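Enquirer: Residue numbers (our numbering), protein chains in the order written: chain Y, 1 to 223; chain A, 1001 to 1223. Glycine included, C-beta positions come from ideal geometry on N, C-alpha and C. Keep in mind it's a predicted model, so treat the numbers as computed, not measured. Pasting a structure here, questions to come.
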DNA sequence: ATTGACGAAATTGTCAACAATATCGTCAGC
DNA sequence: GCTGACGATATTGTTGACAATTTCGTCAAT
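See below:
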């Protein structure tokens, strides 16, 4: 089967191409350093060159690709130190989002969070790290969206770590998965109790621990 | 005298056009809602249409302008609630920057900060709110740059409030100017003492107070 | 005076051809 | 065998022309 570049007859728009490339970078099909040749993307998506160029410019603005004059676009590779900086930024912003979520969230949204927590618990029972990873993303997105701060949500969107391999491997470590889920349960309790500052501290530690795990996996990978 | 659109014979690049427009928006020469017609910018800057379009797309990504299909770019106007969200994000990120600055900054940088503080004190003595505003920006930039986190610095770059009028009026209130300077002095003390968490709390409160002042000025302006 | 139709002008979106540069393969010289 | 020059190819950057759409002015009908 081919790449199913484009089911609709209509040619894809600029943002759609950007999504297409972004997805490929996130899932590791485009690896850091790899050159993104315009003609290849045109062939695979059916888009015009203008649109492809527009999409690549946009992705450059997001920091996902790098464009050198007359050499074109390539997937940007980030150092471990930059990943650390990204995690610091996420600690700050997602911590603040958790603070405001705890202070403002409606009972309906908290109920959705509890439902999600039940599913996460089931994943831990079933040793389903893959599904846990997906639900984990959903959990974090629910907090950020529920905080009611779209500015913070936008900025967090751009703070996803480009290295996909690591993120999904994180939860293959059973201990890490258990700790992460315990974090979630503790945070939910703090939210219900209305302890905004406590919830913020917990979120920051949770993300900080996530980075520690990532560093550990990374160092094991290279040894 | 004219606008001195471009002293160099070389035609301006994309990012240069973006800077040019950004400056005009920040200084209030382009007001919210105003349409940014490509031909006008071309005439005033001497750039080609491609570059102007590229610049406008970039500014759209930064959230400064809005582009509607077949209607072109216009200066985006932000609601008070969005400004509030921006300030929440700045509290989070600049607080974190202050934390890391306190933990990591070299004695040389701290010395530069102390020199800047002396100048700020002089501004308070002389009742020079304009100069205080500029030095204040420099002070905050020094903290952020000194934190060593370029990711946070980049994101803060995009979190400047577009409404310039308010920012410079803030310090025309003598009481506000005194409080802000006292905040700076207190934070400097916490930095020297190595109290990272205290400095972070102080920074967050400082920025939060800045927003309160802004809201007060805004409401007075419309009454 | 107001409204609506309608065409001209203005403005933006798109595409294709051309120019500028980089990349690659070939081959002579050592 | 290795290196560097050099031409062919591939890739990106830029410009200009044309298409699509909106905006504006005019004018007739009520």
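Quick one: is residue 1095 of chain A near chain Y, going by C-beta distance under 9 angstroms?
Expert: yes
Enquirer: Do we get a CB-CB distance below 9 angstroms when we pair residue 208 of chain Y with the residues of chain A?
Expert: no
Enquirer: To the nearest angstrom, how far is it from the Cα of residue 1116 of chain A to the Cα of residue 1092 of chain A?
Expert: So the alpha carbons of these two residues sit roughly 24 angstroms apart.
Enquirer: With DSSP collapsed to three states, give me the class of residue 28 of chain Y.
Expert: Residue 28 of chain Y falls in the coil class under three-state DSSP.
Enquirer: Counting only beta-carbon separations shorter than 9 angstroms, does residue 188 of chain Y have a partner in chain A?
Expert: no
Enquirer: How would you list, in chain order, the residues of chain A whose beta-carbon sits under 7 angstroms from the beta-carbon of residue 92 of chain Y?
Expert: 1092, 1093, 1095, 1096
Enquirer: Please tell me whether residue 1159 of chain A has its Cβ less than 9 angstroms away from any Cβ of chain Y.
Expert: yes
Enquirer: Less than 8 angstroms between the CB atoms is what I'm expecting for residue 70 of chain Y and residue 132 of chain Y, so what's the real figure, rounded?
Expert: Rounded, the Cβ-Cβ distance is 45 angstroms, inconsistent with contact.
Enquirer: Kindly indicate which three-state DSSP category residue 74 of chain Y falls into: helix, strand or coil?
Expert: strand
Enquirer: In whole angstroms, what separates the C-alpha of residue 23 of chain Y from that of residue 208 of chain Y?
Expert: 25 angstroms
Enquirer: Indicate whether at least one CB of chain A lies closer than 9 angstroms to the CB of residue 62 of chain Y.
Expert: yes
Enquirer: Shorter than 9 angstroms from the beta carbon of residue 51 of chain Y to some beta carbon of chain A?
Expert: no
Enquirer: Where do the N-terminal and C-terminal ends of the beta strand (DSSP E) with residue 109 of chain Y fall, by residue?
Expert: Element bounds for residue 109 of chain Y: not the beta strand (DSSP E) but the alpha helix (DSSP H), 107 to 126.
Enquirer: Any idea what DSSP makes of residue 1188 of chain A, helix, strand or coil?
Expert: helix
Enquirer: DSSP three-state label for residue 65 of chain Y, please.
Expert: strand
Enquirer: I need the straight-line Cα distance from residue 1149 of chain A to residue 81 of chain Y, nearest angstrom please.
Expert: Between the C-alpha atoms of residue 1149 of chain A and residue 81 of chain Y there is a straight-line separation of about 9 angstroms.
Enquirer: In the DSSP assignment, what residue or residues form a beta bridge with residue 1036 of chain A?
Expert: A:1073
Enquirer: Ignore the nearest five residues each way along the sequence and tell me which others in residue 1066 of chain A's own chain have a CB closer than 6 angstroms to its CB.
Expert: 1074, 1076
Enquirer: Given a cut-off of 9 angstroms on the beta-carbon distance, is the pair residue 88 of chain Y and residue 1096 of chain A in contact?
Expert: Closer than 9 angstroms, so yes.
Enquirer: Could you tell me whether the region 40 to 56 of chain Y touches the region 11 to 21 of chain Y, using the rule of 3 or more Cβ pairs below 8 angstroms?
Expert: When Cβ pairs closer than 8 angstroms are counted between the two stretches, the region 40 to 56 of chain Y is seen to touch the region 11 to 21 of chain Y, the count reaching three or more.
Enquirer: So, using beta-carbon positions, are residue 90 of chain Y and residue 159 of chain Y closer together than 9 angstroms?
Expert: yes
Enquirer: Quick check: what's the CA-CA separation for residue 144 of chain Y versus residue 1198 of chain A?
Expert: 26 angstroms
Enquirer: For chain Y, is any of its Cβ atoms less than 9 angstroms away from the one on residue 1109 of chain A?
Expert: Between residue 1109 of chain A and chain Y, the shortest Cβ-Cβ separation is not below 9 angstroms.
Enquirer: For residue 1059 of chain A, which residues in the same chain have their Cβ closer than 7 angstroms to its Cβ, ignoring the five residues on either side in sequence?
Expert: 1018, 1021, 1022, 1065
Enquirer: Is it buried or exposed, residue 151 of chain Y, if we count other Cβ atoms within 10 angstroms and call 16 or more buried?
Expert: buried
Enquirer: Please state if the CB of residue 56 of chain Y and the CB of residue 129 of chain Y are separated by a distance shorter than 9 angstroms.
Expert: When the beta-carbon positions are compared, residue 129 of chain Y and residue 56 of chain Y stay at least 9 angstroms from each other.
Enquirer: Can you confirm whether the region 1174 to 1189 of chain A touches the region 1109 to 1128 of chain A when touching is taken to mean that 3 or more C-beta pairs between the two stretches lie within less than 8 angstroms?
Expert: Yes, since at least three Cβ pairs between the region 1109 to 1128 of chain A and the region 1174 to 1189 of chain A fall closer than 8 angstroms, the two stretches touch.
Enquirer: Could you tell me the boundaries of the alpha helix (DSSP H) in which residue 1137 of chain A lies?
Expert: 1129 to 1146
Enquirer: Exposed or buried, which one is residue 1226 of chain A when buried takes at least 16 other CB atoms within 10 Å?
Expert: Shown here, chain A extends from 1001 to 1223; a query on residue 1226 of chain A therefore has no answer.
Enquirer: Are residue 1147 of chain A and residue 1099 of chain A close, meaning C-beta to C-beta below 9 angstroms?
Expert: yes
Enquirer: What is the rounded straight-line gap between the Cα of residue 1052 of chain A and the Cα of residue 102 of chain Y?
Expert: 44 angstroms
Enquirer: Quick one: which residues of the region 1138 to 1155 of chain A get their C-beta closer than 7 angstroms to a C-beta of chain Y? List them in chain order.
Expert: Of all residues in the region 1138 to 1155 of chain A, only 1149, 1150, 1151, 1152, 1155 place a beta-carbon less than 7 angstroms from a beta-carbon of chain Y.
Enquirer: Is the Cβ of residue 89 of chain Y closer than 9 angstroms to any Cβ of chain A?
Expert: yes
Enquirer: Out of A:1054, A:1109, A:1079, A:1141, state which residue places its alpha-carbon closest to the alpha-carbon of residue 1094 of chain A.
Expert: A:1141
Enquirer: For residue 1006 of chain A, which residues from the same chain have a beta carbon less than 7 angstroms from its beta carbon, with the 5 sequence-adjacent residues on both sides left out?
Expert: Because residue 1006 of chain A carries a pLDDT of 43, less than 50, the predicted location of this residue cannot be relied on, and no value is offered for it.
Enquirer: In three-state terms, what does DSSP make of residue 10 of chain Y?
Expert: Secondary structure of residue 10 of chain Y (DSSP, three-state): coil.
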